[in-house]
Structures are given as C-alpha cells and as structure tokens.
Amino acid sequence: MIITRFAPSPTGVLHLGGARTALFNFLFARQNKGKFILRIEDTDPARSKKEYEDDITNGLKWLGLEWDEFYRQSDRKEIYKKYLKKLIEEDKAYVSKETRGQRESVIRFRNPGRKIVFEDLIRGEIEFDTAELGDFVIAKDEESPLYHLAVVVDDFEMKISHIIRGEDGISNTPRQILIQEAIKAPRPIYAHIPLILGPDRSKLSKRHGAVSVSEYRQEGYLPEAIINFIAFIGWNPGDEREILNLNELIKDFSLEKVQRAGAIFNIQRLNWMSKEYIKKKDIDELAELCEPYIKKLKTQNSKLKINDVIKLQQERINKLSEVGEGIDYFFEEPEYKKELLIWRDSTEEKIAAHLEHLSKILCDIQESDFNKEKIKEAIWKYAEEQGRGDVLWSFRVALTGLEKSPNPFIIAEILGKEETLRRLKIAKLKIQK
RNA sequence: GGCCCUAUCGUCUAGCCCGGUCUAGGACAUCAGGUUCUCAUCCUGAAAACACCGGUUCAAAUCCGGUUAGGGUCACCA
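If you read the first sequence in my numbering, its first letter stands for residue 111, the second for the next number, and so on.
Spelled out as structure tokens, the structure:
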C-alpha cells in the first residue's frame, strides 16, 4: 500500500513550497489509492505554535488537500522514548556528557561511519559518506526527541512507503537511513522534489514577497488556480495542456516526470491561471466568492444588479480582490475634464450634437427594453454614419468619465435609463460651457 | 570552505532514458496587427534558448569526461 505524508513543523505559516510538497504527496497517494497522512512535527516546544498549526490545516483544507490520518508528534512522546531506550540498551546510542551547549548531557547516535547509497526516484543514485557526520544528537534527553529520530520512528510506525519532500531534505537522508537501520526499519522510497526559487534563484522566502497560502487566499486567488500553478512548478503532464484541475492532476501526475532543477516562482503565470479560473466560474458562484471584496456595491446602490457588475469584471480581473476596482462610476457622478469627451481630432460642436442625438434615441426606448442589445441596436446605425469613435467614445466617457472601461452599452443597461440620460445631459452641458 | 544537487527562450517547460524525424515544440510575459470607440477578452504573427570545452560516433540538445555557473546543506531547528 502506498502511504505518503506531509510533515510540516508548526513554526511558520503554510507557504507555497509546503503546499506544493503536500500536493505532490496527496496526488501520488490518491492516484495509487493509497493513504495521505498529515503529521505535525512539533518536537520543538519553544518554536511550535498552535496558530501555525491552524494556518497549515486551514490552508490545506482550503486547497482541497484532505488527509486520511492526522498525527502530532508532541502526542507521541512515549513512542519515541521506547525507541530511544532500546537504542541505548543496544549501545547504538548513548548519553553524552557535554561541556558546550545549554545542557549537561544529550543523547547521541553511535555513527558507524559508513558510506550510504540510496536511490532517489527523481535523481537516481545518491552517495554520502556518513563518517563526516560524527555522532550526531538525536535527543536532548529521553523525554525530548529531536527531528531525525522522530521522523524515522514515525515514518516506520506509520508505514510510510514514499517520502516526497523538498530537495533541502537530501542531506538529511543519510542520517535518517542510519537511524532506520539501527531500529531495523525498512527503507522507504525517496523522491526529492526541486525547490521553488525566488527571482534571485535562492530558496523562496518571505524576503521575496508574499509566500504564504493565506496571503494569496486573502488577495482573492482561487484555490484551484493555486493548485494548478504549484503543480506546474517542476512538473507538467508532458503534453500541451496547461489548465488541469485536482482530479485531472490525480489522474496524470507522475513522480518520474518531476523536474530535477529548481524553478523560479513567476507571479505573472499565477495571475494568468487565476484569470483563467475566474473566467470559467459560474456567475452566481463567483458573486458569492466576491462578496467580501464588494461591500461597497451593496451598501451604496441597492438598485444596481450585483451579478451584472461581476459579470462585467469577470474577464478583466486576475484575482477577486480586484472586483471593485475601476468601477466607481457606478456609484458616483463621474468627474472628468470636458476634453476627455472629444474623440481624437473631433470638435466640441460635433460631440455635443452626438450627445444630443443619443439622448433622443435612448429616450425612445421603453424602460423595460433598456438592455445592451436594444441600446446597441438603436445606436449602431447612427454611429456607423457619424463615425463609431466619435459617437461611442463620447457616449462611454459621458457615462464613466474614464479613458478605459467596458463598452457603453452594458454600462448604460446597468445604470438604467434615467441615470444614463442624466449623465448624457450633464456631459452635453459640460461641453457647451 | 566540505559534502550533495542542478544546468534548453526573460520565466515555467517539451524533447534527453531508446543519438538522426529538432532549420529545438508549447505556455506566461513582451512587441506588432486584427475583431463593433478605449480597456479587457478573443484571433493572427514576431522576437526569444540547447552554459562552455573536449571525447565517442557517419551523426549529439540527446551518451561520456571536465570546466564554469547557480542552488541546497553543514544546530542541543525542522
């Protein structure tokens, strides 16, 4: 049975690199109908915090990476103690008197100093000489195991078949293999995945900007976009597909195709993927997701149709937090200079005449028919005759006061007949002044 | 510095295991053009890479060796 685990220490929030390690473990377990375990490695009480543990579990759930079993190393002290005692009894570890450091004695592993060769699924054979490691410390005392011991004992007890972790774990591997052999644990299969790098090619960290999953969540990136994005850092399906959801990833993921070199985190690619997922979202669902970012709309104009506005923004935004940006004209009188109304080298007289005529045409449309199709239909012929830019640009500016915005037909529809006519009139007065 | 890992467009990568089909493919970003004014979307196109040196071979991005460069790791943290 395939059993994988994600084993973060709760000494910091869940970041993109951790999320990707979790994802690869999850994917590999699911596609093999195996088990995915979440294990919180909190053997260091000084640095571990419950709030970090919560951040990690919440982040994983949000991403849809559900685990089958959950463990916390601080709940398992008795187990490590048992192994520690046995190791000492067998003289494979010993209590060492120390002159340096914070305590009088620690428990050290008696290192046989052998060469260790292990097979990595991604990198092939890796060889180390463990003699350089010396008798490393595996516990502060019988009650306080350290990382290497706890990891090896747990991986054994939990029957972990594949250890999928970051490349920075490579150098820990020989130590852990030594301990495995001492407790007569079978060797799991290792797969060290490449690191996510910052633009300067060093390990991605806080100094490169936002790295925590919760920050991206707050900014309004969709979890499916994050998943797709991190899956494609150091891996791809081998064909030309770019957009894959969790189920497709489970189906097509393969550890053998994981890249060996580190990969630079590229926010533009994330933004593109995020946009792709936002564009695909069902409008009602999207509206619901946008709720935290769009308070302003609800309070300021009850007549406004929220879904219409969101639909307008749907193909324009990279992340949900942008949904309220650049649409102030829906709630307040647009302010602009009259020059803005004038399209290229047109004249004030012409523009004023267009605005006048537009008002007339729109006035003739029934209130109940005041939708973008009807509006366009009514205006189009006139715009063709007079020059589209001339007519449409001034129409749009009259409604939005902006150089850039969606087309005027949809905006007029959302604004409603009364408000549209009012703004047209204001624009006309402005230009005649 | 020791040990370990890595090396295809600016970025993510396909191809490498099983040398010829690679005048090296795709995507993001960039630039240009088009689609009902602007923006966005969509479409078309352009520019853009096998780190270097040697070897093996009729033939190397692909195999071998070295160099260089980058990264990781060297705790009584995980």
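The beta carbon of each residue, even a glycine, is placed where N, CA and C say it ideally should be. Only a predicted model underlies this, so the values are computations on that prediction, with no experimental measurement involved.
Under a three-way DSSP split, which group does residue i fall into?
i                 : result
glycine 169       : helix
proline 222       : coil
valine 501        : helix
isoleucine 150    : strand
aspartate 201     : coil
glutamate 449     : helix
serine 312        : coil
leucine 231       : coil
lysine 160        : helix
serine 254        : strand
alanine 292       : helix
leucine 354       : coil
phenylalanine 180 : strand
serine 364        : coil
alanine 320       : coil
Given a threshold of 16 other Cβ atoms within 10 Å of its Cβ, counted over all protein chains shown, does residue i qualify as buried or as exposed?
i              : result
methionine 383 : buried
lysine 195     : exposed
arginine 454   : exposed
glutamate 334  : buried
threonine 283  : buried
proline 298    : buried
proline 402    : exposed
isoleucine 388 : buried
proline 255    : buried
glutamine 423  : buried
aspartate 349  : exposed
isoleucine 289 : buried
First and last residue of the alpha helix (DSSP H) that includes residue i?
i                 : result
glycine 127       : 126 to 141
histidine 258     : 257 to 267
valine 247        : No alpha helix (DSSP H) contains valine 247, which is instead part of the beta strand (DSSP E) from 247 to 251.
threonine 530     : 527 to 542
arginine 379      : 377 to 390
arginine 213      : Note, arginine 213: premise wrong, no alpha helix (DSSP H); not H, not E.
phenylalanine 339 : 333 to 341
asparagine 417    : 416 to 424
valine 323        : 323 to 329
leucine 472       : 458 to 473
alanine 397       : 393 to 400
Does the distance from the CB of residue i to the CB of residue j come in under 8 Å?
i                 : j              : result
lysine 313        : leucine 307    : yes
lysine 429        : glycine 330    : yes
aspartate 245     : lysine 225     : no
tyrosine 181      : arginine 149   : yes
leucine 472       : leucine 531    : yes
lysine 527        : isoleucine 489 : no
alanine 537       : alanine 508    : yes
leucine 451       : serine 504     : yes
alanine 203       : arginine 218   : yes
leucine 393       : lysine 421     : According to the sequence shown, residue 393 is isoleucine rather than leucine. Taking 8 Å as the Cβ cut-off, isoleucine 393 and lysine 421 qualify as a contacting pair.
phenylalanine 519 : lysine 486     : yes
arginine 220      : aspartate 201  : yes
isoleucine 353    : glutamate 386  : yes
alanine 132       : leucine 197    : no
isoleucine 336    : leucine 173    : yes
valine 262        : valine 216     : no
In the DSSP assignment, find the unbroken beta strand (DSSP E) run with residue i in it and report its ends.
i                 : result
alanine 301       : 299 to 303
aspartate 239     : 234 to 239
phenylalanine 589 : Lying before the first or after the last residue shown, residue 589 is absent from the chain, which here runs from 111 to 543.
tyrosine 492      : Careful: tyrosine 492 lies outside any beta strand (DSSP E), inside the alpha helix (DSSP H) at 482 to 496.
isoleucine 274    : 272 to 276
Is residue i near the ligand MG - that is, is its Cβ less than 7 Å away from at least one heavy atom of it?
i             : result
glutamate 443 : Among the components modelled here there is no ligand, and therefore nothing to report on the ligand MG.
Short of 6 Å in beta carbon distance, which residues of its chain neighbour residue i, apart from the five on each side in sequence? Order them along the chain.
i             : result
leucine 561   : Lying before the first or after the last residue shown, residue 561 is absent from the chain, which here runs from 111 to 543.
glutamate 237 : Val227
alanine 295   : Phe266
glycine 499   : Trp453
proline 347   : Asp362
valine 128    : Note that residue 128 is glycine in the sequence shown, not valine. Cβ within range, chain order: Pro118.
Near residue i, what residues of its chain come up, given a Cβ to Cβ distance below 7 Å and the 5 sequence neighbours on each side ignored?
i              : result
isoleucine 232 : Ala301, His302, Ile303, Leu365, Val368, Arg370
valine 123     : Tyr162, Asp165, Ser322, Ser324
arginine 213   : Lys250
glycine 279    : His302
alanine 292    : Leu197, Lys202
tyrosine 326   : Ala320, Ile336
Who are the Cβ neighbours of residue i in its own chain at under 8 Å, not counting the five residues just before and after it?
i              : result
methionine 268 : Ile113, Arg115, Ile147, Arg149, Glu179, Tyr181
methionine 111 : Gly144, Lys145, Lys269, Ser271
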